[in-house]
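In our numbering, the protein residues as written are 6 to 455.
We treat Cβ as the ideally placed atom computed from N, Cα and C, and that holds for glycine.
Heads up: the structure comes next, in structure tokens.
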């Protein structure tokens with residue numbers, strides 16, 4: 006099984022390479038996505054480390070002057086009509102070396118520091134030349150990764166509570182998760198926008214798998230709201246209808262600080278490494294203070310505008326397990342939630358965890374982030390299990406992911422009851438993370454470093 010899966014994953018990554026970046030899947034996602042690039046780099050490093058570095062570098066070449074890394078970098082060779090919302094819709098001005106309309110104006114989870122350190126760690130296996138190359142790439146990326154974190158922890162701390170806010174569900178990476186339902190209910194749904202702007206995702210995918218038209222009208226409206234002030238974050242809370250502190254997003258923000266501490270140590274920046282670890286701990290404390298619900302015993306998204314926690318039990322609530330500084334009470338709570346009938350670790354179901362509470366009346370086995378299994382968040386959960394010493398459960402989860410992809414293919418996501426592949430086929434992060442799951446069973450380095 007291992008050789009067959011390895012070879013098929015490598016073929017997917019070869020198929021989706023676009024010269025200087027990787028596309029998630031050629032038919033549905035013809036551009037470069039931000040957090041996809043991070044997950045992809047982790048696995049691509051095993052088969053082509055030069056491409057892994059090039060993919061990350063290509064993304065960060067599109068970084069804005071304020072430090073934000075856009076959630077999509079558009080391929081100028083792809084026609085506007087081939088993807089919506091495309092570059093003309095976002096209408097982003099020129100910046101640095103990136104031409105006008107070169108990217109979107111929103112962001113995605115900042116997993117890139119984690120990925121960069123993982124790619125560096127693999128370099129030793131490829132010989133001295135790869136180690137030298139990796140050091141040079143870290144030197145180039147480090148200040149840009151720091152700028153990304155600075156943007157998120159300052160301009161995006163809309164609530165002033167030490168956490169980054171997402172201002173569009175797409176920024177979470179978990180686009181139509183029930184975690185946003187309560188906050189999105191306060192966002193106007195102007196259905197006429199779908200007459201002005203036609204969805205193109207439904208041309209190449211099943212409508213029953215994708216976000217609804219009402220969701221999409223709100224998504225478009227939120228972009229127009231943010232775009233109206235040239236994507237400025239100044240005073241955003243007063244004029245924008247959506248601002249949410251997400252436990253998954255902020256856990257990745259904290260994990261990125263820990264990986265930046267590792268990178269700073271490699272570069273000989275001892276004082277900066279200590280500062281990154283301190284920031285990670287402050288983020289962890291803020292997540293516990295703001296997003297933990299003692300009544301449910303798990304983490305939930307908080308609507309910054311209303312101050313209320315979402316009642317939904319989503320996979321995003323399990324992600325703080327990635328943080329080694331998480332207190333014992335919260336570790337126990339996440340483990341209980343993951344083992345419960347709401348999610349069910351593989352020893353109960355034989356499958357990785359779903360994206361949403363299996364027992365909820367609106368659990369949907371096919372609609373994107375409202376029930377299906379995704380490999381990327383399970384990969385993050387496995388890291389969390391390893392960070393907190395749950396090696397047996399981490400291994401069970403690893404084996405379940407490998408089984409699922411081997412049996413059903415490198416799909417975007419999977420049916421949470423029968424494991425059927427759903428969404429885009431030949432999906433890059435599924436393939437890349439399959440390579441990592443086959444090759445690496447070690448505990449994340451930042452956990453051992455404290």
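- Fewer than three beta-carbon pairs drawn from the segment 284-294 and the segment 225-238 are found closer than 8 Å, and the two stretches are therefore not classed as touching.
- DSSP, read as helix, strand or coil, puts residue 39 in helix.
- For residue 275, the enclosing alpha helix (DSSP H) covers residues 275-296.
- Within the same chain, and ignoring the five residues on either side of residue 315 in sequence, the residues whose Cβ sits closer than 6 Å to its Cβ are 184, 187, 305 and 306.
- Distance from the CA of residue 47 to the CA of residue 438, rounded to the nearest whole angstrom, comes to 7 Å.
- One thing to note: residue 380 has its Cβ no nearer than 9 Å to the Cβ of residue 327.
- With a contact defined as Cβ atoms closer than 8 Å, residue 266 and residue 451 qualify at about 7 Å.
- For residue 22, DSSP records a beta bridge to 27.
- The way I'd put it, the segment 156-174 does touch the segment 235-250; three or more beta-carbon pairs between them come closer than 8 Å.
- When the five nearest sequence neighbours on each side are left out, the beta carbons in the same chain lying within less than 7 Å of the beta carbon of residue 220 are those of 181, in order along the chain.
- In terms of Cβ geometry, residue 320 and residue 382 form a close pair [threshold 9 Å].
- Sixteen is the threshold: when 16 or more other Cβ atoms of the shown chains lie within 10 Å of the Cβ of residue 262, as they do, the residue is buried.
- Here residue 243 is exposed. Its C-beta has fewer than 16 other C-beta atoms within 10 Å.
- In the structure shown, residue 105 adopts coil according to DSSP, grouped into three states.
- In the three-state scheme derived from DSSP, where H, G and I count as helix and E and B as strand, residue 249 is classed as strand.
- Residue 87 and residue 414 have their C-alpha atoms spaced approximately 25 Å apart.
- Taking C-beta atoms under 8 Å as the contact rule, residue 40 and residue 179 fail to qualify, at a distance of about 10 Å.
- Residue environment: residue 196 is assigned as exposed (fewer than 16 neighbouring CB atoms within 10 Å of its CB, all protein chains considered).
- In the DSSP assignment, residue 334 falls within the unbroken alpha helix (DSSP H) covering 333-344.
- At a Cβ-Cβ threshold of 9 Å, residue 376 and residue 421 count as neighbours.
- When beta bridges are read from the DSSP output, residue 257 appears opposite no residue.
- Burial state of residue 423 is exposed, judged by a 10 Å Cβ sphere holding fewer than 16 other Cβ atoms.
- According to the DSSP secondary-structure assignment, residue 303 is paired through a beta bridge with 298.
- Our two residues, residue 189 and residue 309, have alpha carbons roughly 12 Å apart in a direct line.
- Contact between residue 232 and residue 110 is confirmed by a C-beta separation of about 6 Å, below the 8 Å threshold.
- Boundaries of the alpha helix (DSSP H) harbouring residue 244: 241-244, taken from the DSSP string.
- Under DSSP, residue 361 forms a beta bridge with 319.
- Taking C-beta atoms under 8 Å as the contact rule, residue 29 and residue 419 fail to qualify, at a distance of about 16 Å.
- The DSSP-derived three-state label of residue 380 is helix.
- Between the C-alpha atoms of residue 412 and residue 84 there is a straight-line separation of about 35 Å.
- Distance from the CA of residue 75 to the CA of residue 49, rounded to the nearest whole angstrom, comes to 21 Å.
- Between the alpha carbons of residue 57 and residue 193 lies a distance of about 40 Å.
- For residue 113, there is no enclosing alpha helix (DSSP H), since its DSSP letter is neither H nor E.
- The straight-line gap separating the alpha-carbon atoms of residue 425 and residue 273 is approximately 47 Å.
- Sorting 312, 218 and 329 by C-alpha distance to the C-alpha of residue 260 places 329 at the top.
- Looking at the DSSP output, residue 312 sits in no beta bridge, so it has no partner there.
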